[in-house]
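Novice:
In my numbering, the protein residues as written are 1 to 182.
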């Protein structure tokens with residue numbers, strides 16, 4: 001019997017939801033109001049519901065979960081607001097000579113600025129490794145990375161979009177598909 005009591009207490013503690021199915025629904029009881037003794041006024045019955053403390057706790061937990069979900073939704077939408085017109089976006093230009101210099105570009109992106117990285121001073125293997133690293137950084141920040149031309153890449157943080165691909169390809173007289181990407 002001790003094991004059965006222990007299991008029942010554990011079920012009650014974790015509130016597995018079985019009590020909704022097994023517990024009878026609280027039925028309202030109608031109690032006539034005897035305070036009014038006048039024959040002209042009609043007596044209205046009072047409705048009294050028997051609510052168990054477990055049901056009250058469960059409803060409080062449900063309300064707290066709903067408020068947590070509402071708070072998370074508010075937080076997510078506030079992070080996705082577009083950049084206001086009063087903030088002037090800046091673009092940092094970096095020309096790293098070695099893989100060790102890439103962390104500087106990653107810090108700039110993390111701070112919410114765009115970075116234009118030119119890999120002309122770097123070897124092919126180091127440039128590929130750097131692009132892989134920066135792609136990971138941009139991915140974790142929900143940003144974007146675009147090949148602007150040859151060895152030049154534009155990295156933008158979340159909330160900033162660049163739609164100059166068509167215009168640049170018209171100016172260059174060719175598509176970006178023909179460019180050598182790393």
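No residue lacks a Cβ here, since even glycine has one placed at the ideal position from N, Cα and C.
Rounded to a whole number of angstroms, what is the C-alpha to C-alpha distance between residue 76 and residue 93?
Specialist: For this step, residue 76 is matched to residue 76 along the chain shown. For this step, residue 93 is matched to residue 93 along the chain shown. Unreliable positioning characterises residue 76 in this predicted model, as indicated by a pLDDT of 48, which lies under 50. The coordinate reading is nonetheless provided below. Between residue 76 and residue 93, the C-alpha separation is close to 30 Å.
Novice: Cβ atoms of residue 118 and residue 97: under 8 Å apart, would you say?
Specialist: Locating residue 97 in the chain shown gives position 97, counting from the first residue. Locating residue 118 in the chain shown gives position 118, counting from the first residue. Contact: no.
Novice: Write down the C-beta distance between residue 90 and residue 113 rounded to the nearest angstrom, noting that I regard them as a contact closer than 8 Å.
Specialist: Sequence index remark: in the chain shown, residue 90 carries index 90 (1-based). Sequence index remark: in the chain shown, residue 113 carries index 113 (1-based). 5 Å between Cβ atoms; contact.
Novice: Where does residue 135 sit, in a helix, a strand or coil, going by DSSP?
Specialist: Walking along the chain shown from the start, residue 135 turns up at place 135. DSSP places residue 135 in helix when its eight states are reduced to three.
Novice: Please report how far the alpha carbon of residue 123 lies from the alpha carbon of residue 159, in whole angstroms.
Specialist: As a working mapping, residue 123 is identified with position 123 in the chain shown. As a working mapping, residue 159 is identified with position 159 in the chain shown. If I take the Cα positions, the gap works out to 32 Å.
Novice: Under DSSP, the alpha helix (DSSP H) around residue 100 begins and ends at which residues?
Specialist: The count along the chain shown starts at 1 and reaches residue 100 at position 100. First-last for residue 100: undefined, no H or E at that position.
Novice: Helix, strand or coil for residue 78, going by three-state DSSP, please let me know.
Specialist: Residue 78 sits at position 78 when you count from the first residue of the chain shown. Because the pLDDT of residue 78 is 46, which lies under 50, any placement of that residue in the model is unreliable, and the number read from its coordinates should be weighed accordingly. Correct three-state label for residue 78: helix.
Novice: Quick check on DSSP: helix, strand or coil for residue 155?
Specialist: Locating residue 155 in the chain shown gives position 155, where the first residue counts as 1. DSSP, read as helix, strand or coil, puts residue 155 in strand.
Novice: What residue does the alpha helix (DSSP H) around residue 120 start on, and which one ends it?
Specialist: Residue mapping note: residue 120 aligns to position 120 of the chain shown, counting from 1. Segment: none, residue 120 is in no alpha helix (DSSP H) and carries neither H nor E.
Novice: Quick one: what does DSSP say residue 144 is sitting in, helix, strand or coil?
Specialist: Here residue 144 refers to the residue found at position 144 of the chain shown. Residue 144 falls in the strand class under three-state DSSP.
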